[in-house]
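2 protein chains.
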Amino acid sequence: MAKDKKKQPRPKAETPKGFRDYFGADVTERKAMLDRIAEIYHRHGFDPLETSAVETVEALGKFLPDVDRPNAGVFAWQEEAVPGGGSGDWLALRYDLTAPLARVAAQFRNDLPTPYRRYAMGPVWRNEKPGPGRFRQFYQCDADTVGSASVAADAEICAMLTDALEAVGIARGDYIVRINNRKVLDGVLEAVFGSIENVAHAIIEGNPTIAEQKQAVLRTIDKFDKVGRVGVCELLGKGRKDSSGAFIEGVGLTDDQIELVIAFLTAKGENNEQTMKNLAETVATSPSGMQGIIELDEIAAMLKAMGIGEDRAVIDPSVVRGLGYYTGPVFEAELTFEILDDKGRKRQFGSVAGGGRYDGLVERFTDQKVPATGISIGVDRLLAALRAKGLAGADGVGPVVVTVMDRDRMADYQAMAADLRAAGIRAEVYLGNPKNFGNQLKYADKRGAPVAIIQGGDEAERGVVQVKDLVLGAKLASEASHEEWKAQPAQTEVPRADLVDEVRRILG
Amino acid sequence: MAKDKKKQPRPKAETPKGFRDYFGADVTERKAMLDRIAEIYHRHGFDPLETSAVETVEALGKFLPDVDRPNAGVFAWQEEAVPGGGSGDWLALRYDLTAPLARVAAQFRNDLPTPYRRYAMGPVWRNEKPGPGRFRQFYQCDADTVGSASVAADAEICAMLTDALEAVGIARGDYIVRINNRKVLDGVLEAVFGSIENVAHAIIEGNPTIAEQKQAVLRTIDKFDKVGRVGVCELLGKGRKDSSGAFIEGVGLTDDQIELVIAFLTAKGENNEQTMKNLAETVATSPSGMQGIIELDEIAAMLKAMGIGEDRAVIDPSVVRGLGYYTGPVFEAELTFEILDDKGRKRQFGSVAGGGRYDGLVERFTDQKVPATGISIGVDRLLAALRAKGLAGADGVGPVVVTVMDRDRMADYQAMAADLRAAGIRAEVYLGNPKNFGNQLKYADKRGAPVAIIQGGDEAERGVVQVKDLVLGAKLASEASHEEWKAQPAQTEVPRADLVDEVRRILG
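So the protein sequences, as listed, match chains A and B. Numbering-wise (full-length UniProt numbering), the first sequence opens with residue 1 and increments by one. Numbering-wise (full-length UniProt numbering), the second sequence opens with residue 1 and increments by one.
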């Protein structure tokens, strides 16, 4: 009986784990940033595309491209199979903006221009373990060119990225776009594994297959950022003790082989010309590698022609992230200014965008190779960078608050707010319980209101209003002497007809 | 064996049934419209809120408010219960923007200002049978005030709605915001069912209960738009044959009772004052009804004070849609200009926004009553209206296309596009296969390019470029005589240094 009487428990008012809400400036600052980026993309001839958030699992494919996230999954569910209704298909939320682009490029291939330049901005969803600062819904901002095999498309994307970073406020010198080419890495692998002797050596050493060893080399190169030159040498050779003391098996390359890989990773010279020479020495024996160098050379020439100096975009073979996924040029944008990390130590802000040339995504649908290249900006990271530099730039000014002294004259207060708005000034009437005037001023404070308007019955009779400068008031309260306070009152009485002018004067 | 060799079938490149993609102007036109609305909402002191697309089913509640869609459902799935990871909770995509607002208002009640004015714009998802023009993902654009019981909040929402409609381009006179009050309807129901005689009559007639009969009256009133005055009379009385010939059982009211309901529905007079008088006569005996009339009177006075004439927002008791869901004032915005329907018949464009005062949504979470009122704009319908009036206003101008005559001089072409962009002109280099020049011009046409730039080896040697006015060219091709053609050539040769000036001249 007791059980039956128990009240239905109230639902918990909580976002699902790993999800969050965005309030006020969170929304407007991101929107302002994305609007500026969209303007640059538009000027480069890119058109917006907004795909549905939901895709069939079949169209999406099951695998995330990002090798950093092996456990990444999607949010998926099966439709009920209903005649004329649900199809019984498995549906899922998109996990990035590239997979839907591939689907669109295949589905609308007869209608879209070739090549198709498009940009996309919006949320994506990943069903993975949430952690601090890691959310299961986040924004991506992508630009891709589908259907052009020319490295001119890659150069254009890199140039556009530098323009986009400057458009949101990152100063020249505070960022660098670094460019590498997967084909040069292929050349290194050819140089490493190409000769009969080396293959024989690998087999004698009991390494399973050259293919697997190549994969192991790729994975190791991906760790260059983390473990550095010495770490990579150890991991490519006999193995390495990690920071926890555990021993990680090495790939088992010879010293000569290791040297080739290191020469590639550290080939960056004083300028593009020198870098290209260093690379050429590394992969001289490999046709694929030389092709990669020629492409990098073309990209460098085109960037120069577009007026993009090496201080903005530069050839840098140490860009390794995601090399396994891409098939040609790869790019990464880094912010080079320093911020303080969680522990108060200075460190470079780091990567805010990455991309490159990829194949096979459209081919999945059509069996035809469709070359594509693109960039993805990490929206949250770039916004965090703008905030760290004080560049996020939402005005953050709250509305003028018209207080309510006499609830029977609500219409008068509404008219004041309407007059202010008609003059383009953000304004609102206090709509809470007007009984306690202190609460109204507390509300105005919480709203970041620059000005409060006050009109009691006495003022109404005399046809005047009190205009209270809350910014000045706060300043006077904390700093001013009594004389200053009297000389520069934070509250003035003006005729009702002068309300708008007076507020405009205070807002400056 | 044959089966084993069979290739894995290619995935279908298709949006899931009921979903769609938005291209180019679809995206920019909607964005331009929403930006203008956001500007108005901001100026009224409303802050943006962007909640996560995913909610727990528990927080969302299972029921859609919109009585028009009894089969509506949500897209939901159960999380895997993993230690430290998924919770085993049922998650779902939000079906509107109000349920997440209620969750946020409860979750952050100690941090948000009271009252909390917020706007939200974004996609929502409904798992229902797709149909022509009915999609399972669509945009909503809401503004709500949570935590104010004052009808000043309702008046403000209505005034803001009129401003928003004018801001997107709907002319004064082409729209009307109609305002009603659920409490007046309650008064009518009290007047209809309040007396002992009527209750007795209902029981004698074998009608189940007064409560159920009240519901039946509400449902019938909701059909006023569809079946008109005569239809409602029949449905409230003895029943009605519908267009298919089927007989629909009536509610079984007496003629006196029916007359009261009809008097309410048709109480609109020449102006608000007259309407209020008509309403007062209908519900004179009901305290709830009189309270509703007083509220409408206050709203009318505040709208007048804000300078909103009755040509923009008016009291109209025939607004009935969704009355069952709301608890106080209700609003509906209608566009009053005529468009041609599918069959070429003229008809009024109709409703583009609706809303009202609702209770109980936040109470679900906190057990405390939190009054709220708000409006939801039908984004797709309003955009369709703007398009019908030629007001959607995306410029639709494609980029200047720099053609490629000599693929070894890609860098030169990129430099031309870069120069144009630096002057703020949208420009791109042709990145397809440049072999066939005709294809390049076809591409420029598909892109809606106003100008094409051409520079072959000969022109490069002489330091000039050809600038082709594609708009004029198309016009001349269809209209011009041979003389005109020669007198006003659509293609001019200019020094490379004058490229930007010449393009700017053509673009005007």
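Backbone N, C-alpha and C define an ideal beta-carbon position, used for all residues, glycine too. Remember, it's a predicted structure, so these values are computed and weren't measured experimentally.
At a cut-off of 8 Å between C-beta atoms, B:Tyr22 counts as an interface residue with respect to chain A. When DSSP states are grouped into helix, strand and coil, A:Tyr413 belongs to the helix group. B:Gly237 places its beta carbon 8 Å or farther from that of B:Phe247. For B:Phe138, the uninterrupted beta strand (DSSP E) segment begins and ends at Gln137 to Val146. One alpha carbon belongs to A:Leu383, the other to A:Glu29, and they sit about 8 Å apart. Secondary structure of B:Leu49 (DSSP, three-state): strand.
Within chain A, no residue has its beta carbon less than 7 Å from that of B:Val184; the closest one is some 20 Å off. Counting only unbroken stretches of 3 or more residues, the beta strand (DSSP E) elements lying wholly within the region 214-283 of chain A are 239-241 and 247-249, in sequence order.
For A:Glu338, the secondary structure class from DSSP, reduced to helix, strand or coil, is strand. Between B:Gln348 and B:Thr336, the C-beta gap is smaller than 8 Å, which places the two residues in contact. Per the C-alpha coordinates, the member of B:Tyr175, B:Pro495 and B:Pro489 positioned closest to B:Glu338 is B:Tyr175. C-alpha of A:Leu93 to C-alpha of A:Ala76: approximately 7 Å in a straight line. By the neighbour-count definition (other C-beta atoms within 10 Å, threshold 16), A:Asp412 is a buried residue. The Cβ of B:Ala301 sits closer than 8 Å to at least one Cβ of chain A. Shown here, B:Met405 sits in coil according to DSSP, grouped into three states, outside any helix or strand. Counting C-beta atoms within 10 angstroms of its own C-beta, A:Lys468 has 16 or more neighbours from the protein chains shown and is therefore classed as buried. Counting along the chain, B:Asn180 sits inside the beta strand (DSSP E) bounded by residues Tyr175 to Asn181. As the crow flies, the alpha-carbon of B:Phe135 is around 35 Å from that of B:Glu428.
At a beta-carbon threshold of 9 Å, the residues of chain B lying near A:Glu156 are Gln414, Ala417, Glu428, Val429 and Leu431, ordered along the chain.
Taking a beta-carbon distance threshold of 8 Å, A:Thr403 does not count as an interface residue toward chain B. At least one CB of chain A lies nearer than 8 Å to the CB of B:Ala13.
If you draw a 10 Å sphere on the C-beta of B:Arg126, you find 16 or more other C-beta atoms in it, and that means buried. Around the beta carbon of B:Asp142, 16 or more other beta carbons sit within 10 angstroms, so the residue counts as buried.
Listed in chain order, the positions of the region 439-466 of chain A with a beta carbon within less than 7 Å of a beta carbon of chain B are Tyr443, Lys446 and Arg447. Think of a sphere of 7 Å around the beta carbon of B:Val104: the chain A residues whose beta carbon falls inside it are Asp21, in chain order. Excluding the 5 residues flanking it on each side, A:Ala105 has same chain C-beta neighbours closer than 6 Å at Val146 and Val362, in chain order. Beta-carbon to beta-carbon, B:Gly328 and B:Asn181 are separated by about 6 Å, close enough to satisfy the 8 Å threshold. Residues of the region 489-507 of chain B with a C-beta atom less than 8 Å from some C-beta of chain A do not occur.
Within the same chain, and ignoring the five residues on either side of B:Glu298 in sequence, the residues whose Cβ sits closer than 6 Å to its Cβ are Val151.
At a cut-off of 8 Å between C-beta atoms, A:Val54 counts as an interface residue with respect to chain B. For A:Thr162, no beta strand (DSSP E) run applies; the uninterrupted alpha helix (DSSP H) run containing it begins and ends at Val151 to Ala167, by DSSP. Collapsing the DSSP output to three states places B:Phe108 in coil. B:Gly231 and B:Tyr325 have their C-alpha atoms spaced approximately 23 Å apart. Just so you know, the alpha carbons of B:Val397 and B:Gly448 end up roughly 6 Å apart. Below 8 Å, enough C-beta pairs join the region 398-412 of chain A and the region 448-461 of chain A to call them touching: three or more. Listed along chain B, the residues sitting closer than 9 Å to A:Gln137 by beta-carbon distance are Ser52, Ala53 and Val54.
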